[in-house]
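Worksheet for the structure shown next.
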Amino acid sequence: MIVVKTKEEIEIMRESALVVSRTLGMLAKEVKPGVSTLFLDKLAEEFIREQGAIPGFLGLYDFPNTLCMSPNSQVVHGIPNKEPLKEGDIISIDCGAIKNGFYGDHAYTFAVGEIDAETQKLLEITKQSLYVGIKEFKAGNRVGDVGFAIQNFTEKHGYGVVRELVGHGLGRKMHEDPEMPNYGKKGVGKKFIEGMTVAIEPMTNMGTHRIKQHKDGWTITTLDNKPSAHFEHNVAIVNGKPQLLSTFDFIYAALGIASNEEDEFRKKD
Ligand code: MG
Ligand code: MG
32 MIVVKTKEEI EIMRESALVV SRTLGMLAKE VKPGVSTLFL DKLAEEFIRE
82 QGAIPGFLGL YDFPNTLCMS PNSQVVHGIP NKEPLKEGDI ISIDCGAIKN
132 GFYGDHAYTF AVGEIDAETQ KLLEITKQSL YVGIKEFKAG NRVGDVGFAI
182 QNFTEKHGYG VVRELVGHGL GRKMHEDPEM PNYGKKGVGK KFIEGMTVAI
232 EPMTNMGTHR IKQHKDGWTI TTLDNKPSAH FEHNVAIVNG KPQLLSTFDF
282 IYAALGIASN EEDEFRKKD
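Heads up, the sequence shown stops at 300 in the numbering used here, and the numbers go up one at a time, no gaps.
So, in structure tokens, the structure goes:
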């Protein structure tokens, strides 16, 4: 069942999305060679609590930490550990928080120091595919329109679209209806309506789309051990159009990156 939100609820959700957006912005300055993912996890937990929110993943389905930390060939759901990040790694950080009863759920793949050009391109294309998908999240379109747009764009670049993990409706629950696959057929699936709120989150592999699950029950890795990237935004349909609730602005401010990629999806006052 799709739970549509009122305008007021969407504003409450914007605050939850901003909690996780600020948290990733804080982490952007801390991601560097020599730092462990467990250290970053503790920083994030503290920072989320300072904002009057609680970590959204901690204990959810028994997940043991605040952040999902998935380096290099790990796709998603990696568990933070004491191993230091190395120059040239990438690290996908997925962050959830609950504030005022609503979830924010936001992810970004960071470069650790300098990374090679091939991996940089994977990050850039995956992030672009997120906006290609967001553009299709509008009243009257269907779930398959978003999936088709992301898949078509991604596969043109020769990358693999993960099938087993998908985006989702978001609200008082982390995972609401509908499921939002990053693949699909135009015009197929549930229809989008005013007040829907979802997490759109392409997970893109440099090589094969196939994945394997680790024995820890959580970590998911590409089958060919090539790198994988993950970017996630929270989006609402307002006045029929996609409007971003989360933002990468805090990350870009921390890293000194200029970007206008979010402009067409911002709230207009
Ligand atoms: Mg997430
Ligand atoms: Mg999500």
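Glycine included, every Cβ here is placed at the ideal spot set by N, Cα and C. Only a predicted model underlies this, so the values are computations on that prediction, with no experimental measurement involved.
Could you compute how far the alpha carbon of residue 239 sits from the alpha carbon of residue 68? 26 Å
For residue 88 and residue 99, what's the separation of their Cα atoms in angstroms? 8 Å
Option in 279, 295, 296 with minimal Cα separation from residue 289: 279
Check whether residue 250 and residue 259 have beta carbons under 7 Å apart: no
Compute the minimum distance between the beta carbon of residue 207 and the heavy atoms of ligand 2, and state whether it is under 6 Å. no
Let me make sure I understand the geometry here. Which of 277, 287, 285 has the alpha-carbon closest to that of residue 294? 277
Give me the Cβ distance between residue 104 and residue 257, rounded to the nearest whole Å; I'm assuming they're in contact under 8 Å. About 6 Å; that satisfies the 8 Å criterion.
Tell me whether the region 183-196 and the region 136-147 touch, counting them as touching only if at least three CB pairs, one residue from each stretch, are closer than 8 Å. no
Quick check on the DSSP output: what are the complete beta strand (DSSP E) runs of length 3 or more inside the region 129-169, in order along the chain? 133-142
Verify the contact flag: residue 138, CB atom, against every heavy atom of ligand 1, threshold strictly below 6 Å. Answer for residue 138: yes, Cβ within range of ligand 1.
Measuring straight from C-alpha to C-alpha, what distance separates residue 38 and residue 56? 26 Å
Should residue 174 and residue 168 be called a contact, given that it needs their Cβ atoms to be closer than 7 Å? No.
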